[in-house]
Amino acid sequence: MKGQPLVRFTNVSFAYAKTQTREEWRALADVNLEIYENEFVAVLGRNGSGKSTLAKHVNALLTPSAGQVVVAGLDTSVPQNVWEIRQKVGMVFQNPDNQLVATTVEEDVAFGPENLGVPSAEIQRRVTEALEAVDMLPYRLHPPHQLSGGQKQRVAIAGIISMRPKCIVLDEPTAMLDPAGRREVMHTIHRLNKEEGITVLHITHHMDEVIGADRVLVMDQGRIVLEGTPREVFSQAELLHELHLDVPQVTDLAQRLRKRGLSIPQGTLTVNEMVMHLCPSD
Ligand code: ADP
Ligand code: MG
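Using my numbering, the first residue of the sequence shown is number 518, and each one after it goes up by one.
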């Protein structure tokens, strides 16, 4: 899967400008990171650890104070590259209401490609495809404000997909959703990653949303302090605890049972794994 990374951060630091209430603040400190095409990378970290600042560097909403971010071979700090970078990397934010602007779902999804100057027959094709990809085609003529939170967020994702990005960056896209909405959105993101080959950078504070990722980054004070597969990361329960993060419920249960003497491996993540360890079948 290696080759050229789609996204590369080299020694990236970023400081927000001083404000009346606050000294200059280094929100990213010497971050090195490579994301490869087709990867599903999740980012964890407590509030203020720099996750959103990192996300905004991937599509040039912010550019480094020091170091370099390169996306598909394009340096984000070169102004002439920004247009192309934004087509390669789409962003989805926390609040779906801020992302939907049109009076019908299909107009909303068409908005991006219209701005890119895509011809109208092609726009129609892309809108249909994008709505199919997020399972929202039956709602194409609905007004967005009548949809549930999970549906709105899927329409927002369709609006990004219709621009045919290589990568989507989702900054806590499920934070405002109920459990059903969260499941819908997670299912959608995984499907886009597996079936459409879209690279995903998913920021979340729900530990269970990280289990299906290829790789997890844990941030603290603007640095990546832990990185690995979900199993590797969640095996570090003490370090995560110091970073004010939890482990998934099943992992927590596994640890407690291990303390009571049961031989359940470190980094047990899912209910199925737990059942297999407790009652191995032949
Ligand atoms: P996270 O997304 O992990 O909660 P952020 O990237 O939003 O973290 O913030 C990282 C740090 O930068 C925090 O200390 C935050 O207060 C600060 N910060 C974020 N946005 C701004 C801003 N616009 N101006 C000044 N400081 C900011
Ligand atoms: Mg944030």
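All C-beta atoms in this analysis are idealised placements derived from N, C-alpha and C, irrespective of residue type, glycine included.
Owing to the predicted nature of the structure, the values given are computational and were not obtained by experimental measurement.
Runs of the alpha helix (DSSP H) spanning 4 or more residues and lying entirely within the stretch 674-718 occur at 696-712, in chain order.
In the three-state scheme derived from DSSP, where H, G and I count as helix and E and B as strand, Glu-551 is classed as strand.
Secondary structure of Val-727 (DSSP, three-state): coil. With the rule of 3 Cβ pairs closer than 8 Å, the stretch 683-697 counts as touching the stretch 668-675. Rounded to whole angstroms, the separation of the alpha carbons of Gln-611 and Val-735 is 19 Å. Pro-765 sits close to Asp-725, with the two beta carbons spaced by under 8 Å. In the structure shown, Asn-528 adopts extended strand secondary structure according to DSSP, grouped into three states. Only residues of its own chain outside the window of five on either side were considered, and among them Pro-747, Pro-765, Leu-786 and Thr-787 have a CB closer than 7 Å to the CB of Ile-728, listed in chain order.
With respect to the C-alpha of Gly-784, the residue from Lys-776, Gln-772 and Thr-645 having the closest C-alpha is Gln-772. When only Cα atoms are considered, Gly-562 and Ala-638 end up about 43 Å apart. Taking 7 Å as the cut-off, one finds no heavy atom of the ligand MG near enough to the beta carbon of Glu-726.
Here Ala-534 is exposed, its C-beta having fewer than 16 other C-beta atoms within 10 Å.
Ordered along the chain, residues surrounding the ligand MG are Lys-568, Ser-569, Asp-688, Glu-689 and Ile-720 [Cβ under 7 Å from any heavy atom]. DSSP, reduced to helix, strand and coil, places Met-653 outside both helices and strands of the structure shown, so it counts as coil. Between the ligand ADP and the CB of Ser-637, the shortest heavy atom gap is not smaller than 7 Å. Put simply, the backbone Cα of Arg-708 is about 23 Å away from that of Phe-628. When distances are taken from the beta-carbon of Ser-582 to the heavy atoms of the ligand ADP, even the shortest one reaches 7 Å or more. With fewer than 16 other beta carbons inside 10 angstroms of its own, Lys-711 counts as exposed.
Counting C-beta pairs closer than 8 Å gives fewer than three between the stretch 591-599 and the stretch 549-561, which falls short of the contact rule. Here DSSP, grouped into helix, strand and coil, assigns Asp-763 to coil.
Short note on Ser-566: C-beta closer than 7 Å to some heavy atom of the ligand ADP.
Taking all protein chains in view, the Cβ of Asp-737 is crowded by 16 or more other Cβ atoms within 10 Å, so the residue is classified as buried. DSSP places Arg-773 in the helix class (H, G or I) of the three-state scheme. Using a cutoff of 7 Å, the CB of Ala-544 counts as near the ligand ADP, since one of the ligand's heavy atoms is closer than that. In the same chain as Ala-546, and ignoring 5 residues on each side of it, the C-beta atoms closer than 6 Å to its own belong to Ser-530, Gly-739 and Arg-740, in chain order.
For Arg-543, the beta-bridge partners assigned by DSSP are Ala-532.
The beta carbons of Val-588 and Val-651 sit no closer together than 8 Å. Spatial neighbours of Val-626 in its own chain (CB-CB distance under 7 Å, excluding positions within 5 residues in sequence) are listed in chain order as Val-644, Ala-647, Leu-648, Val-672, Ala-675, Gly-676 and Ser-679.
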